[in-house]
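Visitor: Have a look at the structure that comes next, please.
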Amino acid sequence: MKKQIGLLYSLPQIVWLFVFFAAPLCIIIAYSFLKKGLYGGVEPQFSVEAYTAMANPNILLVTWRTLKMSVIATALTILIALPCGYSIARSKNQAIRLFLVIVPFWTNFLVRIYAWIAILGNEGFLNDILRALHLTTESVQFLYNQTAVILVLVYMYLPYAILPLFSTIDKFDFTLLDAARDLGASRFQSYLRVLLPNIKSGLVTAGLFTFVPIFGAYAVPLLVGGKDSYMLGNIIADQLTKTRNWPLASSISMTVTVLTTGLVFFIAMRKPREQEQVFDADPAFMQTASAGKR
Amino acid sequence: MLRKGGVAARKFMPARSSLSNTIYWVVIGFLFLPLFVLVFYSFNSGRQTTWQGFSFVWYQKLVMESPELWRAFSNSIIIAFGSALMSTAIGSLAAVGTARYSFKLKNFVSTMSFVPMILPEIVVGVSLLIFFAGVGLKLGLLTVWIAHTTFNLPFVYLLVSARLDESDPSIVEAARDLGANEVQILFRIILPMALPGILSAFLTAVTLSLEDFVITFFVTGPGGTTLPLYIYSMIRFGVSPVINALSAVMVAGTVLLVYPMRNFLKVFAAR
Amino acid sequence: MGKLRKVLLNLSGLALICVLLVLSGCGGGGQSKTLYIFNWTYYTPDSVIQKFEKEYGVKVVYDTFASNEEMFAKLKAGGANYDITFPSGDYVSIMIKEGMLEKIDKSKLKNFGNIDSKVLEQCDFDPGNQYSIPYYLGAAGVAVNKTKVQNYDHSWSIFARKDLANHMIMLDDMREVMGDALKYLGYSVNTTDQKQIDEARDLINNVWKPNLLKFDAEAFAKSFAAGEVWVAQGYAESIFAEVDKSNWGTVDFFIPKEGGPSYLDSMVILKGSKNKDLALKFIDFIHRPEIYAEFCDYFGFPSTANVPARALKKGESWYRPEDLVNCELKKDVGADLEKYNAAWQTIRVGK
Chain Z
228 MKKQIGLLYS LPQIVWLFVF FAAPLCIIIA YSFLKKGLYG GVEPQFSVEA YTAMANPNIL
288 LVTWRTLKMS VIATALTILI ALPCGYSIAR SKNQAIRLFL VIVPFWTNFL VRIYAWIAIL
348 GNEGFLNDIL RALHLTTESV QFLYNQTAVI LVLVYMYLPY AILPLFSTID KFDFTLLDAA
408 RDLGASRFQS YLRVLLPNIK SGLVTAGLFT FVPIFGAYAV PLLVGGKDSY MLGNIIADQL
468 TKTRNWPLAS SISMTVTVLT TGLVFFIAMR KPREQEQVFD ADPAFMQTAS AGKR
Chain X
6 MLRKGGVAAR KFMPARSSLS NTIYWVVIGF LFLPLFVLVF YSFNSGRQTT WQGFSFVWYQ
66 KLVMESPELW RAFSNSIIIA FGSALMSTAI GSLAAVGTAR YSFKLKNFVS TMSFVPMILP
126 EIVVGVSLLI FFAGVGLKLG LLTVWIAHTT FNLPFVYLLV SARLDESDPS IVEAARDLGA
186 NEVQILFRII LPMALPGILS AFLTAVTLSL EDFVITFFVT GPGGTTLPLY IYSMIRFGVS
246 PVINALSAVM VAGTVLLVYP MRNFLKVFAA R
Chain R
12 MGKLRKVLLN LSGLALICVL LVLSGCGGGG QSKTLYIFNW TYYTPDSVIQ KFEKEYGVKV
72 VYDTFASNEE MFAKLKAGGA NYDITFPSGD YVSIMIKEGM LEKIDKSKLK NFGNIDSKVL
132 EQCDFDPGNQ YSIPYYLGAA GVAVNKTKVQ NYDHSWSIFA RKDLANHMIM LDDMREVMGD
192 ALKYLGYSVN TTDQKQIDEA RDLINNVWKP NLLKFDAEAF AKSFAAGEVW VAQGYAESIF
252 AEVDKSNWGT VDFFIPKEGG PSYLDSMVIL KGSKNKDLAL KFIDFIHRPE IYAEFCDYFG
312 FPSTANVPAR ALKKGESWYR PEDLVNCELK KDVGADLEKY NAAWQTIRVG K
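Chains as they are written, first to last, in our numbering: chain Z, 228 to 521; chain X, 6 to 276; chain R, 12 to 362.
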């Protein structure tokens with residue numbers, strides 16, 4: 228009796244996710260193995276063309292570029308977020324400090340991209356300041372290149388990394404650092420050998436929650452990227468909306484899906500103890516991170 | 006998860022590392038810079054980003070002359086509350102189901118609930134678009150609502166589950182021993198216990214939905230323009246700085262909304 | 012806990028009201044007629060839409076797209092509850108083949124006779140105009156900011172100028188940009204010759220692209236107006252809609268002498284439209300001379316499709332119909348589009 232009730236409670240969610248999540252995924256798996264229709268859609272004919280087409284040097288180049296940019300952006304994000312999380316954790320005014328991180332985070336994501344366009348543009352805020360200080364006469368081209376994309380991506384996902392890092396560092400027993408120092412470790416050594424291993428789960432969560440959305444980025448490269456900043460997300464969208472190659476859009480989507488979920492599960496499964504920490508919801512993180520899920 | 010960690014460690018010590026503090030404040034400056042720039046330009050009387058004098062003209066235009074924007078705004082509100090309601094209802098029930106009872110598919114349910122969250126948005130958007138095209142569902146507000154409910158579900162499920170995990174299971178046992186039936190247990194015990202989780206799940210779903218651009222971009226159709234989509238078109242077309250005024254209003258709204266919740270956030274985060 | 016419960020109850024009440032509002036909104040929408048239009052950005056002035064709404068007592072929902080491909084993808088994917096859309100000729104023929112269009116009863120169009128017979132002759136994508144009524148014949152050109160760039164030829168070769176590197180932009184539109192290069196090289200914009208396509212690809216990729224800031228079919232005009240770029244390939248109407256009227260004197264818009272792809276955009280009624288009569292009325296409304304003149308004046312267009320409107324036009328045009336003499340209408344190239352796709356992908360994706 229009890230068993231059926233549990234299933235009963237979960238049934239609406241199971242059905243909903245089956246219909247609107249699993250089924251669409253299955254459809255794109257199926258589409259990725261079909262022949263493309265001349266004018267979009269698919270022909271009911273088996274074909275692995277969509278996968279062989281991925282070996283095209285152009286797509287490999289974009290994959291490599293996406294990977295490279297995601298890794299750089301994630302690494303930068305974590306590097307900056309780590310001292311921030313530490314500083315919040317050791318502060319007396321944690322609430323205010325968290326609040327300051329969260330406010331920009333809850334501001335609409337497109338509004339923030341737009342703000343960066345207003346800052347970095349040729350006639351934008353930064354160039355105005357540079358000209359006013361007579362540092363330059365011509366406008367400096369900040370926008371529409373890979374650096375701009377990485378900058379904005381780091382900006383978008385920083386709070387995302389700060390929050391989980393803060394919540395793990397906050398649970399860290401800081402007296403351990405003192406102990407390490409007493410035993411003769413330098414301050415840097417004590418951070419590296421004592422703090423970092425103890426906040427591993429926070430680093431993993433922060434890394435995943437930054438890397439995964441950046442890997443699938445679409446809007447940021449579209450809006451602040453230039454001719455060299457095309458990423459996988461853009462290629463998927465273009466195959467669907469411009470070149471009318473639905474199977475290829477599907478096969479690239481599948482590849483991205485397999486790569487990201489594979490990465491998450493690999494990290495989660497490697498250490499059973501960490502599994503819980505990656506998968507389990509940290510309400511504060513969820514609560515605040517939610518607004519920035521891009 | 007980590008809340009089980011050492012309580013003894015939870016005594017505050019003054020931060021001795023001034024380096025991390027410096028970095029923190031630099032980062033805060035970095036995070037706030039764009040917001041200040043937007044607010045600054047929203048009072049500019051000129052259309053371009055060059056300063057031409059103080060003016061409220063864009064605020065006036067925002068309120069008086071932007072009917073399309075307000076239509077998009079009302080669409081966003083409808084979708085946000087509609088999808089939050091649906092996802093909170095379904096997700097909370099599932100969380101109760103998996104937290105309180107064990108059944109064969111339990112692990113399957115929790116894993117499956119988790120996967121949509123780690124998929125890149127573009128994949129969710131593209132797969133839903135192809136799905137809707139396949140089943141012949143016309144794109145519009147309805148498909149946007151379905152999509153939003155779908156991506157809200159994992160968040161609701163995890164938030165409510167987290168809340169239920171930390172509540173005392175013996176209360177339910179006690180109620181059952183005292184003769185309460187399943188319906189009574191659900192409405193009198195479990196739901197009230199999960200209420201803070203349900204509430205924050207609902208708010209989370211609302212904010213998620215209000216924010217979404219990428220997925221909505223793919224699944225929207227006639228009459229289904231939401232505020233983020235409208236903002237996107239304002240970024241791409243038209244030099245009207247109404248967008249600056251709108252952004253400034255949204256920033257102010259965020260501050261007002263989040264500030265009263267700051268302690269609430271901390272209670273969650275620092276546990 | 013009691014308080015919390017109250018809050019939750021209120022919230023769910025609120026949400027319920029919202030849902031009811033949506034439902035009632037849908038019901039209401041069914042009663043007062045709504046015409047769903049899917050059009051290019053900057054292609055029908057708001058004033059024209061408002062006049063139509065007022066005269067017929069209906070509501071118009073006006074959504075926009077930036078390229079034929081985008082429009083087609085959205086409709087193909089099931090957004091077909093639009094009533095009217097505005098494809099270029101090549102897409103009219105595709106949409107006819109795909110059975111996406113409703114036949115148009117021309118006898119109900121009182122103003123069909125206003126359309127220039129020379130324009131109708133060019134409608135070989137839809138002989139006899141069974142499915143499509145011409146809206147506008149034009150071409151993308153090049154806008155130059157004269158305060159920044161003084162000496163230049165009215166030629167596509169402007170994009171080869173290294174001194175303007177990073178100050179130029181082109182559309183993210185395969186057929187348009189490829190067509191420009193093909194015309195520059197002296198080929199047809201509808202060529203299916205692989206060698207010619209490769210040649211055009213290499214010209215764009217190796218000579219033009221290094222000087223471009225980016226490819227963008229949406230924000231090119233905004234970037235131009237903001238001074239971000241000095242030379243923009245694109246549509247005159249978008250450029251002048253974005254540039255402040257006081258600065259119009261600083262803009263030179265020209266159709267390069269080599270010509271380029273021209274487009275004949277038509278109004279079509281989509282299959283499954285619930286407002287076929289209203290859609291016909293809209294099409295007829297557009298070709299009223301005074302309305303067509305208002306449309307042309309608003310965007311600085313020459314009145315290419317509507318004859319009587321030419322006399323009613325008050326404003327100037329950004330280019331003359333004669334400028335289009337070397338341009339060539341885009342046609343659907345069928346399966347050979349794959350060649351264009353491959354070339355374009357190399358251009359867009361490569362370094």
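Positions of the beta carbon are idealized from the N, C-alpha and C atoms, including for glycine.
By the criterion of Cβ-Cβ separation under 7 Å, what are the contact partners of residue 334 (chain Z) in chain X?
Guide: 40, 255, 256, 259
Visitor: Would you decide whether residue 220 (chain R) is buried or exposed? Buried here means 16 or more other CB atoms lie within 10 Å of its CB.
Guide: buried
Visitor: Residues of chain Z with CB under 7 Å from residue 359 (chain R), in chain order?
Guide: 457
Visitor: Is it buried or exposed for residue 46 (chain R), if we count other Cβ within 10 angstroms and need 16 for buried?
Guide: buried
Visitor: Considering only residues of the same chain and omitting the five flanking positions on each side of residue 148 (chain X), which have a CB-CB separation below 8 Å?
Guide: 133, 137, 142, 224, 225, 226, 229
Visitor: Start and end of the beta strand (DSSP E) containing residue 277 (chain R)?
Guide: 272–280
Visitor: Under a CB-based cut-off of 8 Å, is residue 263 (chain X) close to chain Z?
Guide: yes
Visitor: Run through DSSP, which three-state label would residue 371 (chain R) get?
Guide: What the structure shows of chain R is the stretch from 12 to 362, and residue 371 (chain R) is not part of that stretch, so it cannot be assessed.
Visitor: Express the C-alpha separation of residue 256 (chain X) and residue 26 (chain X) in angstroms, rounding to a whole number.
Guide: Residue 26 (chain X) and residue 256 (chain X): Cα-Cα distance of roughly 25 Å.
Visitor: Please state whether DSSP places residue 342 (chain R) in a helix, a strand or coil.
Guide: coil
Visitor: Helix, strand or coil: which one does DSSP assign to residue 368 (chain R)?
Guide: Nothing about residue 368 (chain R) can be reported from this structure: the residues present for chain R run from 12 to 362 only.
Visitor: Can the beta-carbon of residue 242 (chain X) be found less than 8 Å from the beta-carbon of residue 85 (chain R)?
Guide: no
Visitor: So the alpha helix (DSSP H) residue 436 (chain Z) belongs to, where does it begin and stop?
Guide: 427–442
Visitor: Tell me which residues share the same chain as residue 117 (chain R) and place their Cβ nearer than 7 Å to its Cβ, disregarding the 5 neighbours each side in the sequence.
Guide: 123, 140
Visitor: From the beta carbon of residue 352 (chain R), is the nearest beta carbon of chain Z less than 8 Å away?
Guide: It does; some Cβ of chain Z falls within 8 Å.
Visitor: Suppose you measure from the CA of residue 386 (chain Z) to the CA of residue 322 (chain Z); what does that come to, to the nearest Å?
Guide: 14 Å
Visitor: To the nearest angstrom, how far is it from the Cα of residue 169 (chain R) to the Cα of residue 180 (chain R)?
Guide: 11 Å
Visitor: Can you find a C-beta in chain Z that's less than 8 Å from the C-beta of residue 110 (chain X)?
Guide: yes
Visitor: Evaluate contact between the stretch 149–157 of chain X and the stretch 101–120 of chain R, counting only Cβ atoms and requiring at least three cross-stretch pairs below 8 Å.
Guide: no
Visitor: Distance cutoff 8 Å, beta carbons only. Does residue 143 (chain X) sit that close to anything in chain R?
Guide: yes
Visitor: With 7 Å as the limit, tell me which residues of the stretch 129–141 of chain X have their beta carbon closer than that to any beta carbon of chain R; keep them in chain order.
Guide: 134, 137, 138, 141
Visitor: So residue 158 (chain X) packs on residue 252 (chain Z), CB below 8 Å; how close in whole Å?
Guide: So it is not a contact: roughly 15 Å between Cβ atoms.
Visitor: Does residue 92 (chain R) come within less than 8 Å of chain X when only Cβ atoms are used?
Guide: yes
Visitor: Nearest chain X C-beta to residue 350 (chain Z) closer than 8 Å, yes or no?
Guide: yes
Visitor: Would you verify that the beta carbon of residue 88 (chain X) is, or is not, closer than 8 Å to some beta carbon of chain Z?
Guide: no
Visitor: From residue 239 (chain X) to residue 187 (chain X), what distance separates their C-alpha atoms?
Guide: 52 Å
Visitor: Do residue 149 (chain R) and residue 341 (chain R) have their CB atoms nearer than 8 Å?
Guide: no
Visitor: Say whether chain Z places a C-beta atom closer than 8 Å to the C-beta of residue 252 (chain X).
Guide: yes
Visitor: Mind listing the chain B neighbours of residue 25 (chain X)? Cutoff is C-beta to C-beta under 7 Å, in chain order.
Guide: In the structure shown, chain B cannot be found, because the protein chains are Z, X and R.
Visitor: Any chance the stretch 82–101 of chain X sits against the stretch 202–209 of chain X, with 3 or more Cβ pairs inside 8 Å?
Guide: yes
Visitor: The alpha helix (DSSP H) spanning residue 287 (chain R) covers which residue range?
Guide: 287–297
Visitor: Looking at the unbroken alpha helix (DSSP H) that takes in residue 409 (chain Z), where does it start and where does it end?
Guide: 402–409
Visitor: Would you report the Cα separation of residue 271 (chain Z) and residue 261 (chain Z), rounded to the nearest angstrom?
Guide: 6 Å
Visitor: CB residue 472 (chain Z) to CB residue 361 (chain R), shorter than 8 Å?
Guide: Taking a C-beta distance under 8 Å as the contact criterion, residue 472 (chain Z) and residue 361 (chain R) do not qualify as a contact pair.
Visitor: Does DSSP put residue 111 (chain R) in a helix, a strand or coil?
Guide: coil
Visitor: Would you mind stating whether residue 447 (chain Z) and residue 380 (chain Z) have Cβ atoms separated by less than 8 Å?
Guide: Contact: yes.
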